[in-house]
Amino acid sequence: MKTIPVETTINGDSTEFLCNADESLLDVLRDRLGLTGAKEGCGTGDCGACSVMMNGRLVCSCLVLGVETQGAEIETIEGMAKGEELHPLQRVFLEEAALQCGVCTPGILIAAKALLEKNPDPTDTEVRYWLAGNLCRCTGYDKIIKAVQTAAAEMRSA
Amino acid sequence: MRYVKPESFEAAATLLRDEDGISRILAGGTDVLVQLKAEMVEPDLMVDLKHLPGMREIVAEDGGFRIGAAVSGAELGEHAALKALWPGVVEGVELIGSSQVQSRATMAGNLCTGSPAGDSVPAMVTAGAVARVQGPDGVRDVPVIDIPTGPGKNSLSKGEFITSIYLPARPARAADAYLRFIPRTEMDIAVSSAAVSLELDADGVVTSAQVALGAVAPTVLLVKDAGEALVGSKLDETAIAALVSAVEAACNPITDKRGTIEFRTKTAGVLAKRAAHIAYTRAGGQA
Chain C
15 MKTIPVETTI NGDSTEFLCN ADESLLDVLR DRLGLTGAKE GCGTGDCGAC SVMMNGRLVC
75 SCLVLGVETQ GAEIETIEGM AKGEELHPLQ RVFLEEAALQ CGVCTPGILI AAKALLEKNP
135 DPTDTEVRYW LAGNLCRCTG YDKIIKAVQT AAAEMRSA
Chain Z
326 MRYVKPESFE AAATLLRDED GISRILAGGT DVLVQLKAEM VEPDLMVDLK HLPGMREIVA
386 EDGGFRIGAA VSGAELGEHA ALKALWPGVV EGVELIGSSQ VQSRATMAGN LCTGSPAGDS
446 VPAMVTAGAV ARVQGPDGVR DVPVIDIPTG PGKNSLSKGE FITSIYLPAR PARAADAYLR
506 FIPRTEMDIA VSSAAVSLEL DADGVVTSAQ VALGAVAPTV LLVKDAGEAL VGSKLDETAI
566 AALVSAVEAA CNPITDKRGT IEFRTKTAGV LAKRAAHIAY TRAGGQA
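In the order they appear, the protein sequences are chains C and Z. First residue of the first sequence: 15, per this note's numbering; consecutive thereafter. First residue of the second sequence: 326, per this note's numbering; consecutive thereafter.
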C-alpha cells in the first residue's frame, strides 16, 4: 500500500509522518511516532484509553485516520506536563491514588483536562457523564471522580 | 484503500459513482472506522468530505437552520439558537455516544448508517427535517423520513451523499422533545425511543403534533394518528391515552437481548407520553 505524507502539529511541534490510508491516528502515534501514552483498549471508540485532543476537541484516536490529521493540532498525554512539572490533574491522580493498572489513566487525564477547560467547576454528576466514555476496570471510578474534583478546586484557586 | 479528498461535491459524486469496488464516505468516522477495525468492510475507496464548503457550518436559512453534514454533535449542542428552536433534535443528537464520540459523530452519519435505534432520527422526522442530497446528476432535497429503508440500509443511490440537513422555521409557541429507554444512564443503544413535536395556540391548545418512534420497527416510524390524538387538547388524560394506544398499535419491534416485543411496545408508549409533556412545557403550555 502506498504511504501518504501528512503534516501536523503534535504537542506544539510540527511533525511529518508517512502512513497508510487505513491507519488510525492511534497507530500512527504509537507505532510511527513512538508516542505510546495513548493506549489501545478496544480500538472501536468504546473505552477512551486512546483519547487525545484534535483541534481542541476530545476524540478517540482509534476513530480518526492518520491522514485526517493533515494540518490539525493534536495534543497527547506526552504534552500534558510542562517539563518536569506535572499538570495538577496528573499530580493529584498520583497523590490520591486514582489509578491502579494505569492503562486508562492517560485517556482519563486528557478527557478530564478537556472537561475542566470547558467547565472549571463541574458537579460530580457532570464529571461522571463526561468521563462515561473512559472505562476503568480497576478503581470503581470513585477515586477518579474525587481526584478530578480536587484538581479542579486547586486549578480554580490558582 | 485509497483515501481521497475531492475538490468539490460534484467531483465526489462522480468519483463515488465510477468506483467499481467498495466505497465509503467519511464524515465523523464513528461507524465507518469501527467497521474497518472489525473487518466488516474493506473499502477500496474512502472519500473524505469534511473540508468541502458548508460541511462544518450551521447557517440560518428562512427562519430555520441548515446544518452541514459534518457538523458534530458537540458543535450542534453549543449552538444556542438552534437548541432553542429544536431542543428535541439537539437532545437526541447529544445522546449519541461518549464525549469523545460527540466530537466527531454527525446527524447525517447517524441517519445514513440506518440503525433503527439512531438517536437523532426520530426528532429529525418530527421536525420535518429535509436532507440535501448531492449525486452525480445534481442536487435533490429528500425528507429525512425517506432516507432509512431498513437496518443498515438507506435510499441513496450510488454516488449520492448528504451535504446538509435543514431544520425548518417554526412558530413561537412550539417545541419538541426526545426520550429513549436504556438500561444504563449513558453510553448505550436505545431499546425504544420517542420524539414529539408540538405547536400550540395562545390558549395552550395543541394545533399540530408529530410523534415518531425509534427502535420499535426496521426504520423510524412517524405515527400520524398518535400526533392527531393530541390536536385540540391540552394533553388531558383522554388525549394522552389515545396517544399511547396509537403508539402501541404502531410498534412493530423485535425481541432481542436488549428488550422483548412487549417491553419495547410498552416503553414506547410511556416515552411518547413523557416526551409530549416535556415538549408541551417547553412550548409554553400550562396543563
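We treat Cβ as the ideally placed atom computed from N, Cα and C, and that holds for glycine.
Q) Would A399/Z count as contacting chain C if we go by Cβ distances under 8 angstroms? A) What you label residue 399/Z is simply residue 74 of the second sequence in a count that begins at 1. At least one chain C Cβ lies under 8 angstroms of A399/Z.
**Q.** Reduced DSSP secondary structure (H/G/I, E/B, other) of C576/Z
**A.** Counted from its first residue, the second sequence places residue 576/Z at position 251. Coil at C576/Z, not helix or strand.
Q) Are L374/Z and S348/Z close, meaning C-beta to C-beta below 8 angstroms? A) Here residue 374/Z refers to the residue found at position 49 of the second sequence. Here residue 348/Z refers to the residue found at position 23 of the second sequence. Judged by their CB atoms, L374/Z and S348/Z are not nearer to each other than the 8 angstroms cut-off.
Q.
Is the beta carbon of I470/Z closer than 8 angstroms to that of A433/Z?
A. As a working mapping, residue 433/Z is identified with position 108 in the second sequence. As a working mapping, residue 470/Z is identified with position 145 in the second sequence. Not closer than 8 angstroms, so no.
Q. For the beta strand (DSSP E) that I237/C lies in, which residues bound it at each end?
A. With chain C covering only 15 through 172, there is no way to say anything about residue 237/C.
Q) Going by the CB atoms, is the gap between G539/Z and V446/Z shorter than 8 angstroms? A) Here the question's residue 446/Z lines up with position 121 in the second sequence. Here the question's residue 539/Z lines up with position 214 in the second sequence. Yes; because the gap between Cβ atoms is below 8 angstroms, this pair is in contact.
Q: Indicate whether A564/Z and S558/Z have their beta-carbon atoms separated by less than 8 angstroms.
A: Position 239 of the second sequence, counted from the first residue, corresponds to residue 564/Z. Position 233 of the second sequence, counted from the first residue, corresponds to residue 558/Z. Cβ distance < 8 angstroms, so A564/Z and S558/Z count as in contact.
Q | Among M169/C, V78/C, T29/C and V81/C, nearest to V106/C - alpha-carbon criterion | A | If you number the first sequence from 1, residue 106/C lands on position 92. The option with the nearest alpha carbon to V106/C is M169/C.
Q.
By alpha-carbon positions, which one of D513/Z, D343/Z, K478/Z and R391/Z ends up nearest to G584/Z?
A. Residue numbering aside, residue 584/Z sits at position 259 when the second sequence is read from its first letter. Measuring C-alpha to C-alpha distances from G584/Z to each of D513/Z, D343/Z, K478/Z and R391/Z identifies D513/Z as the nearest.
Q) For S440/Z, which residues does DSSP report across the bridge? A) As a first step, residue 440/Z must be located in the second sequence, where it is residue number 115. Looking at the DSSP assignment, S440/Z forms no beta bridge with any residue, so it has no partner.
Q. Looking at the C-beta of S558/Z, does it have a partner C-beta in chain C at a distance below 8 angstroms?
A. Here residue 558/Z is taken as the residue at index 233 of the second sequence, counted from 1. With 8 angstroms as the cut-off, S558/Z does not count as an interface residue toward chain C.
(Q) Which residues of the stretch 62-88 of chain C have a Cβ closer than 8 angstroms to any Cβ of chain Z? Give them in chain order. (A) Taking 8 angstroms as the cut-off between beta carbons, the residues of the stretch 62-88 of chain C near chain Z are G62, S65, M68, R71, L72, V73, C74, C76, L77, V78, L79, V81 and E82, in sequence order.
Q: Output yes or no for whether 8 angstroms exceeds the beta carbon distance between I472/Z and L436/Z.
A: For the purposes of this step, residue 472/Z is identified with residue 147 of the second sequence, where counting begins at 1. For the purposes of this step, residue 436/Z is identified with residue 111 of the second sequence, where counting begins at 1. Yes, they are a contact pair.
Q. At what residues does the beta strand (DSSP E) containing V414/Z begin and finish?
A. Taking the first residue of the second sequence as position 1, residue 414/Z is located at position 89. No beta strand (DSSP E) contains V414/Z, which is instead part of the alpha helix (DSSP H) from P412 to E419.
Q. Does the distance from the CB of G484/Z to the CB of R342/Z come in under 8 angstroms?
A. Mapped onto the second sequence, residue 484/Z falls at position 159. Mapped onto the second sequence, residue 342/Z falls at position 17. Cβ distance < 8 angstroms, so G484/Z and R342/Z count as in contact.
Q.
Contact between the stretch 350-359 of chain Z and the stretch 393-406 of chain Z is defined here as three or more beta-carbon pairs at a separation below 8 angstroms; is this criterion met?
A. yes
Q. Would you call K127/C buried or exposed, if buried means 16 or more other Cβ atoms sit within 10 Å of its Cβ?
A. Here residue 127/C refers to the residue found at position 113 when the first sequence is read from its first residue. Buried, since its Cβ has 16 or more Cβ neighbours within 10 Å.
Q | Where the alpha helix (DSSP H) containing Q104/C begins and where it ends | A | Sequence index remark: in the first sequence, residue 104/C carries index 90 (1-based). From DSSP, the alpha helix (DSSP H) with Q104/C extends over P102 to E109.
Q: Provide the residue span of the alpha helix (DSSP H) that contains T22/C, from first to last.
A: Position 8 of the first sequence, counting from 1, holds the residue named residue 22/C. If you look at T22/C, you'll find it isn't in any alpha helix (DSSP H); it sits in the beta strand (DSSP E) that goes I18 to I24.
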